[in-house]
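K.L.:
Protein chains in written order, with the working numbering: chain E, 21 to 364; chain V, 21 to 364. Using N, Cα and C, we set each Cβ at its ideal position, and we do this for glycine too. Since the structure is predicted, the reported quantities are computational estimates derived from the model, not experimental observations.
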DNA sequence: CGACGTTGTAGCAACGTTGTAAATAGCAGA
DNA sequence: TCTGCTATTTACAACGTTGCTACAACGTCG
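1) Could you spell out the range, first to last residue, of the alpha helix (DSSP H) harbouring residue 96 (chain E)?
2) For the pair the segment 190 to 209 of chain E and the segment 236 to 247 of chain E, tell me if three or more CB-CB distances fall below 8 Å.
3) What's the call for residue 167 (chain V), buried or exposed, on a 16-neighbour Cβ count within 10 Å?
4) For the segment 251 to 273 of chain E, which residues have a beta carbon sitting closer than 8 Å to at least one beta carbon of chain V?
5) Check each residue of the segment 344 to 357 of chain E: if its Cβ is closer than 8 Å to any Cβ of chain V, include it; give the result in chain order.
6) State the DSSP-derived secondary structure class of residue 182 (chain E), mapped to helix, strand or coil.
7) So does the segment 93 to 109 of chain V actually touch the segment 279 to 297 of chain V, counting three or more Cβ pairs closer than 8 Å?
8) Could you tell me the distance, in whole angstroms, from the CA atom of residue 356 (chain V) to the CA atom of residue 352 (chain E)?
9) Check whether the Cβ of residue 218 (chain E) lies closer than 6 Å to any heavy atom of the ligand ZN, and answer yes or no.
10) With DSSP run on the structure shown, which of helix, strand or coil describes residue 148 (chain V)?
11) Output yes if chain E places a C-beta closer than 7 Å to the C-beta of residue 164 (chain V); else output no.
12) Assign residue 120 (chain V) to one of two classes, buried (16 or more other C-beta atoms within 10 Å of its C-beta) or exposed (fewer than that).
13) Which one of V:135, V:326, V:291, V:314 has the shortest CA to CA distance from residue 22 (chain E)?
14) Residue 127 (chain V) versus chain E: which residues are under 9 Å apart at the beta carbon?
15) Using a C-beta to C-beta distance shorter than 7 Å, which residues of chain E count as neighbours of residue 75 (chain V)?
16) Do you know offhand how far residue 288 (chain E)'s Cα is from residue 301 (chain E)'s?
17) Is the beta carbon of residue 249 (chain E) closer than 7 Å to that of residue 290 (chain E)?
18) Answer yes or no: does any C-beta atom of chain V fall closer than 7 Å to that of residue 41 (chain E)?
19) Please report the Cβ distance between residue 103 (chain E) and residue 192 (chain E), rounded to the nearest whole angstrom; I am assuming they are in contact, meaning their Cβ atoms lie under 8 Å.
20) What residues are listed by DSSP as bridge partners for residue 343 (chain E)?
21) So with Cβ pairs under 7 Å, would you call residue 115 (chain E) a contact of chain V?
22) Assign residue 38 (chain V) to buried or exposed, taking buried as 16 or more other Cβ atoms, counted over all protein chains shown, within 10 Å of its Cβ.
23) Does the structure place the segment 123 to 143 of chain V close enough to the segment 314 to 328 of chain V that three or more beta carbon pairs sit under 8 Å?
24) Let me check one thing: in DSSP terms, what residues is residue 202 (chain E) bridge-paired to?
25) Identify the residues that DSSP records as bridge partners of residue 87 (chain V): which are they?
26) If you measure between the beta carbons of residue 35 (chain E) and residue 54 (chain E), is that distance less than 7 Å?
27) Got a sec: is the Cβ-Cβ distance from residue 23 (chain E) to anything in chain V below 7 Å?
28) Which residue comes first and which comes last in the beta strand (DSSP E) that contains residue 308 (chain E)?
29) Count the other CB atoms within 10 Å of the CB of residue 219 (chain E); is the residue buried (16 or more) or exposed (fewer)?
30) Evaluate the contact criterion for the segment 208 to 227 of chain V versus the segment 277 to 285 of chain V: three or more CB pairs, one atom per stretch, below 8 Å.
31) Taking the beta carbon of residue 255 (chain E) as the centre, do at least 16 other beta carbons fall within 10 Å, making it buried, or is it exposed?
32) Please tell me whether residue 100 (chain V) has its Cβ less than 7 Å away from any Cβ of chain E.
33) Using a beta-carbon distance below 7 Å, is residue 284 (chain V) in contact with chain E?
34) Where does residue 133 (chain E) sit, in a helix, a strand or coil, going by DSSP?
35) Kindly say whether residue 209 (chain V), judged by its beta-carbon, lies nearer than 7 Å to any beta-carbon of chain E.
36) Apart from the five residues on each side of it in sequence, which residues of its chain come closer than 7 Å, Cβ to Cβ, to residue 26 (chain V)?
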């Protein structure tokens, strides 16, 4: 049961291969009668274009890569789903590459995918540094999402991490918390530095002194790390009355650790997360969190690649380096202000 | 900055295109000196084979499809990650198709991917019925995961859903619950019927009468649906003292609804989920759940496609229809037996 | 009535790769 | 030196598609 080709259709319709191709591609000048015959033959044979061959001819691959740490991380699962949907609108399929957040695998992801494999790539790098990009540029448009590695001439889409963190911590100060901790410090993560900066800015704005030991680092950003970090904070002689976690998973872990110690949230301890993963709306208590517009991130990233890739094809002047900030909101829930009403 | 082709390498090395191809493909009879020259040229040019062209020539695509409802659903995010990893071991890239669980999009996913696009597909159909497969067979090996639609001649990988459900509900009976509800009944989902069957079997085994109104249907299997269904159960004059949810998301929603009503879990109400998503280990209380071996599912599914696809290539007799059951375990946590110790 | 534009069709080549088969080189034995 | 191998290399075609170009048919207009 071989797949039908243009040739099969042409024979059946009694025209040339090229005419069938013209019909398939919507070329205007085809005699109505022939068009009809071809269309019938197309249906009769169940013809589907061979994407590989078409792309070989056109010099496009029809694929973009999405390089991320792990699909099982809710934020990336959600993002990947949105990227796939956005890519489909441009006729692209998405190849997902999981790196576990390691520099090594991020490097190989970049090198192994040449221009004949993908038309572009969306990266969510955790560990990749500026110099890595120099030798690794794979000859296709790249877009970074969610991380700000300065000095890299690559398009970038993200929310304003500093402002978002400042907003989150500002909220904690606004509800009267004076001893606000943070979980997620990490010298190897670009976003961590930005969120820490926002945290500090908010403390300063609120006239609160920064206490070094209240900023607990996290190597990974999983639930387990959040729980461990929270435990450390609860072991302090002077406990914090609020904690800003650099992502929702850390916050979920923190919630868990608080519950294990009998610490009430938000009465004894307010918690804010970051990412607004679906899980955060249903945790107990539900989690106040920074809600980035993930759909906007996905669509913007795909559009940028699309723009660059058609620019290149048409020899147009490439547009300037983009650094696009997408909207975000602070989603206020029980973990900071307590129970108000049952969710719908 | 065009990508290097075999021709470029050949010119640089001073040999024919075919010789370069032979070196690349590990053909034995190449003069050592030429091999060396070619290898140098390969490095110098940074040659990467054009996968599209190679597959066009070989009649393979190098891709398998993974058809699932939505990546943002934790279970599918986790599964997808494992499938990608398993596929890589066989040299495959994975194309993910999201269907939202609708019959329509599941149908188009099957038809739009012909044999020139993919070498096989792994399906997690929600709504597809037996007759759909008849006309849709895309000419490539298919494997279904997680759903049992009988009478369809397609390989199948899943845990024993009936036994798993029976185990879960048996556990509830074993801890002394007498009025055990279920959430997730749904006539359009294959797994729902099996889990309901296991639920009933366990009730019978425990000598408990089945109460129709304790089996609440769920259209979707999201957290919201679980919360709604739980609300209905808590509105009953005679409340259940336990509930078996057909997946973890429903259970998370149920937990939430219970908390909103001030119902204590597990004291007043024990809850069991299904899937062992990472989230379930950190919910408050943590969730007792059926833990399928997802890695085994992913690897088995990929292996089956690999087996069929090489069989077909070598004209070997295809092996018999496979219906493989992968292991599962009951993961007992706080939502049924209460707090024992803090998690590590 | 011939030149010309418009509409419709088809042949050829090429995208980068590899299987087939044919060509060449090297070398031992006659 | 010539034959007959084997070892090595190469030309060619083909996978399915589309851009380019040539060409045919038809009508219009000066």
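P.N.:
Based on what the coordinates show:
1) Element bounds for residue 96 (chain E): 94 to 109.
2) Yes, they touch.
3) buried
4) Within the segment 251 to 273 of chain E, the residues whose Cβ lies closer than 8 Å to any Cβ of chain V are, in chain order, 272, 273.
5) none
6) helix
7) Because the criterion of three Cβ pairs below 8 Å is met, the segment 93 to 109 of chain V and the segment 279 to 297 of chain V touch.
8) 31 Å
9) You won't find the ligand ZN in this model; it holds no ligand whatsoever.
10) coil
11) Under the Cβ criterion of 7 Å, residue 164 (chain V) is not counted among the residues facing chain E.
12) exposed
13) V:135
14) By Cβ distance, chain E contributes nothing, its closest Cβ being about 14 Å from residue 127 (chain V), past 9 Å.
15) 72
16) Computed Cα separation, rounded: 20 Å.
17) no
18) no
19) Actually they are not in contact, since the Cβ atoms of residue 103 (chain E) and residue 192 (chain E) sit about 32 Å apart, beyond 8 Å.
20) E:176
21) yes
22) exposed
23) Yes, the segment 314 to 328 of chain V is in contact with the segment 123 to 143 of chain V.
24) E:235, E:264
25) V:117, V:143
26) yes
27) Yes - at least one Cβ of chain V is within 7 Å of the one on residue 23 (chain E).
28) 308 to 312
29) buried
30) Three or more Cβ pairs closer than 8 Å define a contact, and the segment 208 to 227 of chain V falls short of that threshold against the segment 277 to 285 of chain V.
31) exposed
32) yes
33) no
34) In the structure shown, residue 133 (chain E) sits in coil (DSSP, three-state: anything other than H, G, I, E or B).
35) no
36) 37, 40, 41
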